[in-house]
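The block underneath contains the structure these notes are about, expressed in C-alpha cells.
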Amino acid sequence: MTAPVTVRVRVPASSANLGPGYDAFGLALALYDDFEAVHADAWFLEVSGEGAGELRTDGDNEVARAIQRVFAEVGYTGAARIRCENAIPVGRGLGSSAAAIVGGLLLGNELADAGLSNERLFELGAELEGHPDNVAAALFGGFTVCWRDGDTPRVRRIEPGGGLAAVVALSDAVLPTSEARQALPETVPHEDAAANVARASLVALGVALGDEPMLSAGLHDRIHEPYRAALIPDMAEIRDVLVSSGACGAALSGAGPTVIGLVSGATDDDALVRARGVADTAHARIVATSGNRRIMAVGVERVGTQIVCEG
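Listed below in C-alpha cells is the structure:
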C-alpha cells in the first residue's frame, strides 16, 4: 500500500487534572490545532496562529519529533514539511504540547503507512509527553482517566452522561509544566491524599452520570493546587469568580495558569449556551477588578483527534 503524499489532522485542546484527578483526568475541548504534512527531503515547519515566532521550525519541534518517533518505531526513513495552524494557546495549561505530539504521531502514522493502533500511539504519546492525561483526552476525546500498569500507561474513556461545556480564564503569563511540577512536595499528608481519592471519585461519577451537584462537590483539590498558588497569585480569585458567575465548579487547567470552570446542561449545546453566559458575567467582574484574564466559553470535544484530509 502506498503511503499518502500528504495528511492533515485536527487535534483538540485538553484540560488535565480537573481538580483532584492529578495526572489522571483529562477533558477534550473544542479548540483545535490543525497540522498538515507532506514528504520532503529535510525537516521544515511553518507555524501560524498561537506560538508563531516562538516555536521551533526544524526537526526539534514537538510535531516533528513525534513524527520521527513513529518513523523509528517502524524503521521508516524520511522527513517532512509540516504546517501548523494553532488555536490552542502555548504554555497556558490547555494541552498545546500534547496536541503537537498527538498531531505528529498521527501524521507519522499516515506518512509511513505504519498502521499503529490508537492504543500504541497513546503509549508513544505518553512516553514523549512524560505523562498521559492530556495525550489521552486529545487522542480519544471526551473525559479520560489514566493510570499506569507498571511502566505501561493505560486509559479508559468515559462518555459524559449529560451536556457539558467549559469556561476558561486565560492568563497572559506562561507557566511551563516543569516549573509547576517543581513547586510540588515529594510527599503529601495522608488526609489530603484520602480527601482527593473521594473528590476524584465524585468528579468521575459526576461526569459519567451528568450529575451537576456531584461534579460540583468533586472539583476540589488538596495535593497540587495549594502548592501552585504561589505561582498563580490570582488563582483563588478567578476560581471564585467563575463559580459565582454560574460554573458548577472550577480548577486549575493542567499546571495552569489557566483556570477552567465546568458548566452542565441538558445537551452539549445547552451547556455551551450557559457557558457563554458564565463567561460574559465573569469577564465583566474581572474587568471591574482590573484583572487581565481573557475569558472564553468552549464546548467539549467528544470525538478526539481526527484525520480530516489525506491523499
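In my numbering, the protein residues as written are 306 to 616. Glycine residues also receive a C-beta, built at the ideal position from the N, C-alpha and C atoms.
Shown here, P317 sits in a strand according to DSSP, grouped into three states.
Counting only runs of 3+ residues, the beta strand (DSSP E) found wholly inside the segment 443-479 occupies 448-454, 457-463 and 468-475, in chain order. The closest CA to that of T382, considering only E390, H344, R388 and E355, is found on H344. Here the C-alpha atom of G398 lies approximately 31 Å from the C-alpha atom of A419.
Residue pairing by DSSP places S402 in no beta bridge whatsoever. In terms of CA proximity to N322, G559 leads the group R581, G559, V608 and V592. For L557, the enclosing beta strand (DSSP E) starts and ends at G554 to L557. Within its own chain, the residues whose Cβ lies closer than 7 Å to the Cβ of S521, once the five positions on either side in sequence are excluded, are C553 and G554, listed in chain order.
CA-CA distance, I591 to A602, rounds to 15 Å. Taken in chain order, the complete beta strand (DSSP E) segments of 3 residues or longer contained in the segment 336-369 are 349-354. Under the three-state reduction of DSSP output, E491 falls in the coil class, being neither helix nor strand. Looking at the DSSP output, G326 shares a beta bridge with N322.
Closest in C-alpha terms to S422, from the list G435, P437 and L444, comes L444.
DSSP places L524 in no beta strand (DSSP E); its state is neither H nor E. Contact between G551 and V568 holds: CB atoms are separated by about 7 Å, below the 8 Å threshold. For V564, the uninterrupted beta strand (DSSP E) segment begins and ends at V564 to G570. Straight across, the Cα-Cα distance linking A318 with G331 is about 10 Å.
Counting only the Cα atoms, C614 lies some 38 Å from L547. In this structure, E434 keeps its C-beta atom at 8 Å or more from the C-beta atom of S483. Of the other Cβ atoms in all chains shown, 16 or more fall within 10 Å of the Cβ of D338; this residue is therefore buried. According to DSSP, G604 shares a beta bridge with A470. Beta-bridge pairing by DSSP links N391 to D338 and G354. In this chain, D516 is not harboured by any alpha helix (DSSP H), its DSSP state being neither H nor E. The closest CA to that of A357, considering only P394, A509, D328 and F376, is found on P394. Under the 10 Å beta carbon count, L514 is surrounded by fewer than 16 other beta carbons and is classified as exposed.
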